[in-house]
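Numbering follows full-length UniProt numbering, with no gaps: position 107 of the sequence shown is 107. Heads up, the beta-carbon is just placed ideally off N, CA and C, and yes, glycines get one too.
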Amino acid sequence: MRFAAIADIHGNCLALEAVLADIAAQGIGHDHIVNLGDCFSGPLEAGRTGDLLLLLDAVTVRGNHDRYLIEQERAAMHASDAAAYDQLSPRHLQWLKALPVTRIWRDTVFLCHANPKVDDVYWLEKVSPEGKVHLNDRASIEALAEGIEQELILCGHSHLPRAVRLADGRLIVNPGSVGCPAYDDDLPVYHRVEAGTPLASYAILEKQEGNWTVTFRLVPYRHLDMARLAASRNRPDWASGLECGWL
1 MRFAAIADIH GNCLALEAVL ADIAAQGIGH DHIVNLGDCF SGPLEAGRTG
51 DLLLLLDAVT VRGNHDRYLI EQERAAMHAS DAAAYDQLSP RHLQWLKALP
101 VTRIWRDTVF LCHANPKVDD VYWLEKVSPE GKVHLNDRAS IEALAEGIEQ
151 ELILCGHSHL PRAVRLADGR LIVNPGSVGC PAYDDDLPVY HRVEAGTPLA
201 SYAILEKQEG NWTVTFRLVP YRHLDMARLA ASRNRPDWAS GLECGWL
């Protein structure tokens, strides 16, 4: 089995197009792509991204920002969610409403956005009281994996490509972010997540001789076009992250 995992597109249509082209160049078909959510939120091109994702029809789970778009009133939305909402059509929102929170793919792979319990709390990372993001402790990671029988577990949310092997041999993989390499957040305390590169990130998973291999791929695209678009929409934080991977 060989397939691609994408996550955290955040309305970056140019990055998604580049990643899909790279996936195809690796000989992986559209029916072997899984999407871990947070598809639209951001000041970029949510509508175009929605059109492409509906056409792609990849196996997808719902992220926390996807949930905000269908649960919150427009007036209550964060600026990034509101910017995306204003570009989405009813068919995009209906697609989001139909997405599951978790999913088991081909009996072998468990899919979720952040962690199996909730969609907005990191699994493989932890934020210190000082706002530093680092690898979560092993006990906490293992505890959240209890009850999952699949040998390969995929999550997103932190935008950081990472793989963690559990004590029983199961593997948890975060493919990184397709379209948003840097952001800040106030919860649980103020912190920044910065990939340090503007490249679009995804992962290829392959089972060989009973073991899963992981290849993280970082794909160039016209990221400066997206940085300029964010700047024109009064989002200097997004512009900086898209330009260089740092805030």
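Quick one: what does DSSP say residue i is sitting in, helix, strand or coil?
i: D51; result: helix
i: L224; result: helix
i: residue 262; result: Because the chain is modelled from 1 through 247, residue 262 falls outside the range shown and cannot be assessed.
i: L56; result: helix
i: K97; result: helix
i: A200; result: strand
i: R106; result: coil
i: R67; result: helix
i: I141; result: helix
i: D184; result: strand
i: I9; result: coil
i: R74; result: helix
i: I28; result: coil
i: H134; result: strand
Just tell me which of the options has its CA closest to the CA of residue i.
i: L54; options: L16, E71, M77, G179; result: L16
i: N174; options: F110, Q208, E149; result: F110
i: A46; options: D86, Q26, M77, H32; result: D86
Grab me the residues of residue i's own chain with a C-beta within less than 8 angstroms of its C-beta, minus the 5 sequence neighbours each way, in chain order.
i: N136; result: Y122, W123, L124, E125, K126
i: W95; result: G50, L53, L54
i: D81; result: S41, H65, Y68, L69, Q72
Would you mind reading off the limits of the beta strand (DSSP E) that contains residue i?
i: R192; result: 191–194
i: A163; result: 162–165
By Cβ distance below 7 angstroms, which residues in the same chain neighbour residue i in space, the five residues on each side in sequence not counted?
i: A239; result: A227, A230, A231
i: G241; result: C180, P181, A182, Y183, L247
i: Q150; result: I104, T108, V109, F110
Going along the chain, which residues of its own chain have a beta-carbon closer than 6 angstroms to the beta-carbon of residue i, five neighbours each way excluded?
i: N64; result: D119, D120
i: Y190; result: G131
i: C155; result: C112, W123, N174
Going by DSSP, what residue range makes up the alpha helix (DSSP H) through residue i?
i: E45; result: Run containing E45: none; DSSP gives neither H nor E here.
i: E243; result: 236–244
i: D38; result: Run containing D38: none; DSSP gives neither H nor E here.
**Contact between the segment 198–205 and the segment 6–25 (3+ Cβ pairs under 8 angstroms)** = yes
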